[in-house]
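I have placed the structure first, in the form of structure tokens, so that the comments after it can refer back to it.
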Amino acid sequence: MSMCHWVCEGIGVEQGDIIPLLDGDKLIILLREAMENDWEDIEGFDELSNKMKVEALIECIYEMDLNNKLSELLQLKDSKGVLTSGTDNDGQYFLLYAPRYPWDENGGFKSQEEVVRYFCDLLRPFCRDEITEEELTAIIDVDIYAYGCG
Numbered sequence: 014m015s016m017c018h019w020v021c022e023g024i025g026v027e028q029g030d031i032i033p034l035l036d037g038d039k040l041i042i043l044l045r046e047a048m049e050n051d052w053e054d055i056e057g058f059d060e061l062s063n064k065m066k067v068e069a070l071i072e073c074i075y076e077m078d079l080n081n082k083l084s085e086l087l088q089l090k091d092s093k094g095v096l097t098s099g100t101d102n103d104g105q106y107f108l109l110y111a112p113r114y115p116w117d118e119n120g121g122f123k124s125q126e127e128v129v130r131y132f133c134d135l136l137r138p139f140c141r142d143e144i145t146e147e148e149l150t151a152i153i154d155v156d157i158y159a160y161g162c163g
């Protein structure tokens, strides 16, 4: 029997921190894109409050064959192809920009602030309109270090 160990390290967000900021109507666009032809409208979806829409959509995401759920779904919108997703032993899912050596850098980022800005730009289209830039920036952790084994 073998044991596998992994580390989630870098700048990123824990998906539990993203969920309260999401807009159900905006999130549905991402979910439809990921599901392509398998999309079926949730019965009575339009009558749900925004919070209930997000909860219903998160439930759909968990039923999809995505390893890291919402984190992996948001990773589909990574236009630079520099983000990864992962989980720790506590069941927390992360969307991450992992540490890189200068010669590995392919995102064109020159500073931590640029990476944080990239996360804000990535998440903004799926957040409620009243979410401020400060609230969005506050959920981005610049020092994630989580461990998993299995």
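Using our numbering, read the sequence shown as starting at 14 and increasing by one per residue.
Glycine is no exception: its CB is placed at the ideal position from the N, C-alpha and C atoms.
Note that the structure is a prediction, hence the values are computed from the model and not measured.
Secondary structure of residue i, DSSP reduced to three states
i, result
"Ala111", "coil"
"Leu35", "strand"
"Val20", "strand"
"Gly25", "strand"
"Asp30", "helix"
Endpoints, alpha helix (DSSP H) assigned at residue i
i, result
"Ser84", "82-88"
"Thr150", "146-151"
"Cys133", "125-136"
Alpha-carbon to alpha-carbon, residue j and residue i
i, j, result
"Val26", "Met65", "22 Å"
"Ile144", "Phe132", "14 Å"
"Asp154", "Ile24", "6 Å"
"Asp101", "Leu109", "13 Å"
"Cys21", "Glu127", "20 Å"
"Glu147", "Cys17", "38 Å"
"Ile31", "Leu83", "9 Å"
"Leu34", "Tyr158", "23 Å"
"Phe139", "Asp36", "6 Å"
"Leu43", "Gln88", "11 Å"
"Thr97", "Trp19", "13 Å"
Cβ separation of residue i and residue j, assumed to be a contact under 8 Å, to the nearest whole Å
i, j, result
"Leu86", "Ala111", "That belief does not hold up - the Cβ atoms of Leu86 and Ala111 are roughly 19 Å apart, past 8 Å."
"Lys4", "Leu135", "Since the first residue shown for the chain is 14 and the last is 163, residue 4 is missing from the structure and cannot be characterised."
"Phe107", "Gly99", "5 Å"
Endpoints, the beta strand (DSSP E) within which residue i is located
i, result
"Ser92", "Neither: Ser92 is in no beta strand (DSSP E) and is coded neither H nor E."
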